[in-house]
Amino acid sequence: MSKGRLKPEDEKCIQHNYMYLLDQLDARDIVNFLFQHEVIDLDDKISISSQAKRKDRNEILLDRLLNAGPGYSFNYFLKSLEGNYRFILDKLRKHAKEIDVINDLEREIKELKDEQDNERQVSRSLREKLKQQEGNLVQLKEELDSQKKHNEQLNENIVSLKEHLQGKIADNEELRREQVSLEENLQGKIADNEELRREQVSLEENLQEKIADNEELRHEQAQLRESLKDKESLIHSLTLDSVYKRSVLEKIKHQEVSVFMLGPTGHGKSAVGNSILQRYLFKSCDRLLTCTQTFSKETVEIHGRRVTVFDEPPHLDHSGYCFKKFLYCIKETFTANPQGFNAILYVINSKRRFGMEERKNLECSQAVFGENSLKDFCVTVFTHGDIIKCMKDICSINTLEPLMSAVSNRAVFFDNKTKNEAIRDNQVASLLAEIDILQLKQQRLYTYQDFVEQKKEHEKLLKENKT
1 MSKGRLKPED EKCIQHNYMY LLDQLDARDI VNFLFQHEVI DLDDKISISS
51 QAKRKDRNEI LLDRLLNAGP GYSFNYFLKS LEGNYRFILD KLRKHAKEID
101 VINDLEREIK ELKDEQDNER QVSRSLREKL KQQEGNLVQL KEELDSQKKH
151 NEQLNENIVS LKEHLQGKIA DNEELRREQV SLEENLQGKI ADNEELRREQ
201 VSLEENLQEK IADNEELRHE QAQLRESLKD KESLIHSLTL DSVYKRSVLE
251 KIKHQEVSVF MLGPTGHGKS AVGNSILQRY LFKSCDRLLT CTQTFSKETV
301 EIHGRRVTVF DEPPHLDHSG YCFKKFLYCI KETFTANPQG FNAILYVINS
351 KRRFGMEERK NLECSQAVFG ENSLKDFCVT VFTHGDIIKC MKDICSINTL
401 EPLMSAVSNR AVFFDNKTKN EAIRDNQVAS LLAEIDILQL KQQRLYTYQD
451 FVEQKKEHEK LLKENKT
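What follows is the structure, encoded as structure tokens:
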């Protein structure tokens, strides 16, 4: 009896590995376990066991499993594989992680579309404000024209009064007294006219301010239009490249990985290297003294994939012997690893403040490897991942803004002291996934040629500063 379909992600996992399951699995080995946990009923068990061919038994089992409902059926199926079919279980879990990466890409596209809609709404609001300001400007211009006409009329009245006064002067003293009165009246009119002129100047200044505000609104609207074009171009690019990126990611995730660790002294580079390799190969210490005096290289195989980690000595002394020795060690690492590095890992202790010494270390790293190279190839690894677990926590720490900007906001979180195997596996898988996404974008490694070009550029800048 059908209990409904599995969860979409579980159903997709079975569909993508359907032929592999038919070929590698024998339903008779796990049918009793599934019957015990009520994933299948007695009729299903009899129907499966009665088939002579393994493929037929597997087809019936997978059909019943796809219709076993959205509950815990798929989890019991995975648990049934923990014995003789551990290799199938590992493949299914690996495929689930790949689906998570693809879903993350699709969520990024949706977030970009939502940002585009918000910016369009802001643009519409600005257009309405601009239209309202233009209406106010028209009204102010009309008021100014009316005031000018009124002033012209007053000037004409003054001229007429002066002419009338000149004609009455010759008559008599009474006319003279009237003349005095008219002159006083005239002075009052002149004062009123002066007041009107000041109001006119004030209106003209207000008009100029409105015109300036209007220009600023137009400039903001133009910037929003450019931003909308950029967002539309990015969404279009992500949509067109989606299938291609999936195929490239499938290829990248089977390639060998080599990483190069940087970071301030005593922040746990060696401990992170041990966590990545999942064994104690680098000497690790939790203090402000460095444990690595020359570069160390260790290679292990993780889920069938070769991973090589280079642990480097400190280089905070930008001008002294330590820094020169560091440059020599970098050259030696390229001799040991001539093809280059998939990523540069910048290790930071999340329990310590990102202060002046850490800023100098970051600036030194940018000088050695190049600001653009860190933006393209660097991933920040925060230790004590039980304290900081997500990007939202990082964004709340203002002092980390220069660091996150320098590495294009790429970050993972490591808890080097955890004994939980699942947590240790997940944090390594997260790092490898971040490196794979980085390589999907860059399509190349950080090579010795990149290092030499940056070194020449740095020496050129030093010479220019001396002159």
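Each residue of the sequence shown is one higher than the last, beginning at 1 in full-length UniProt numbering. Virtual Cβ for every residue (Gly too), placed ideally from N, Cα, C. Every value quoted in this text rests on a predicted model; they were computed, and no experiment measured them.
Notebook entry, point to check: Leaving out the 5 sequence neighbours to the left and right, which residues in its chain are closer than 6 Å to Y76 when beta-carbon positions are compared?
Noted result: H37, V39
Check: Going by the beta-carbon positions, is the gap between T383 and N416 smaller than 8 Å?
Finding: yes
Notebook entry, point to check: Excluding sequence positions up to five away, which residues of its chain have a Cβ less than 8 Å from the Cβ of A429?
Noted result: K97
Item checked: Reduced DSSP secondary structure (H/G/I, E/B, other) of T299 -> strand
Next item on the list: Compute the beta-carbon to beta-carbon distance between I330 and L431, rounded to the nearest angstrom, for a pair I have assumed lies under 8 Å.
Entry: Contact flag wrong, Cβ pair sits at about 22 Å.
Next item on the list: With a cut-off of 8 Å on the beta carbons, I'd call A433 and F377 a contact; round off their distance for me.
Entry: So it is not a contact: roughly 16 Å between Cβ atoms.
Item checked: For I344, the residue or residues it bridges with in DSSP -> F260, C378
Next item on the list: Identify, in the order they occur along the chain, each residue of the same chain with its Cβ nearer than 7 Å to the Cβ of K253, setting aside the five sequence neighbours on each side.
Entry: D436
Checklist line | Environment of V368 [buried if 16+ CB atoms lie within 10 Å] | finding: buried
Check: Mapping DSSP to helix, strand and coil, what is V412?
Finding: strand
Next item on the list: Using 10 angstroms around the beta-carbon of M261, count the other beta-carbons present and answer buried if the total reaches 16, otherwise exposed.
Entry: buried
Notebook entry, point to check: Near E183, which residues of its chain fall below 6 Å by C-beta distance, leaving aside the five closest residues on each side in sequence?
Noted result: none
Margin query: Just list the residues that DSSP pairs T333 with in beta bridges.
Written below: BP columns for T333 are empty, so no partner.
Next item on the list: Please work out which residues of its chain come closer than 6 Å, Cβ to Cβ, to K94, disregarding the five sequence neighbours upstream and downstream, and give them in chain order.
Entry: none
Notebook entry, point to check: When you compare only the Cα positions, how much space is there between E453 and T399?
Noted result: 30 Å
Item checked: Residue from R124, L440, F33 whose Cα sits closest to the Cα of L81 -> F33
Next item on the list: State the Cα-Cα distance for the pair residue 468 and K324, rounded to the nearest angstrom.
Entry: Residue 468 lies beyond the range of the chain shown here (1 to 467); nothing can be said about it.
Next item on the list: Find out if the Cβ-Cβ distance for the pair Q24, I102 is shorter than 8 Å.
Entry: no
Next item on the list: Using alpha carbons as the reference points, say which of E204, S125, V300 lies closest to R218.
Entry: S125
Item checked: Given S181 as reference, the closest of V307, K162, D192 once Cα atoms are compared -> K162
Item checked: Start and end residues, alpha helix (DSSP H) containing V307 -> Here V307 belongs to no alpha helix (DSSP H); instead the beta strand (DSSP E) covers 305-311.
Notebook entry, point to check: Under 8 Å, do E256 and R306 count as touching if we go by C-beta distance?
Noted result: yes
Check: DSSP three-state call for S181: helix, strand or coil?
Finding: helix
Note to self: Would you call the stretch 184-194 in contact with the stretch 138-147, where contact means no fewer than 3 C-beta pairs closer than 8 Å?
What the structure shows: no
Checklist line | C-alpha distance - Q132 paired with E106, whole-angstrom precision | finding: 40 Å
Next item on the list: Would you kindly work out how many angstroms separate the C-alpha atoms of S227 and L112, rounded to a whole number?
Entry: Because the pLDDT at S227 is just 47, under 50, the model does not fix this residue reliably, and the point stays unresolved.
Item checked: Assigned secondary structure, T399 (DSSP; H/G/I helix, E/B strand, else coil) -> helix
Margin query: Just verifying my parser: in three-state terms, what is the DSSP assignment at N274?
Written below: helix
Notebook entry, point to check: Ends of the alpha helix (DSSP H) at D10?
Noted result: 8-16
Note to self: Taking 8 Å as the threshold (C-beta atoms), are N193 and L154 in contact?
What the structure shows: yes
Item checked: Rounded separation between G4 and R353 - CA only -> 53 Å
Check: Among L42, D41, S49, which residue has its Cα nearest to the Cα of R28?
Finding: S49
Check: Looking only at DSSP bridge pairs, what is T383 linked to?
Finding: N349
Next item on the list: Following the continuous alpha helix (DSSP H) through L42, name the residue where it begins and the one where it ends.
Entry: 42-49
Check: For D26, which of Y85, I14, H150 has the nearest alpha-carbon?
Finding: Y85
Next item on the list: Look at the Cβ atom of residue 478, then the Cβ atom of E371, and state whether they are nearer than 8 Å.
Entry: As displayed, the chain neither begins before 1 nor continues past 467, which places residue 478 out of reach and without an answer.
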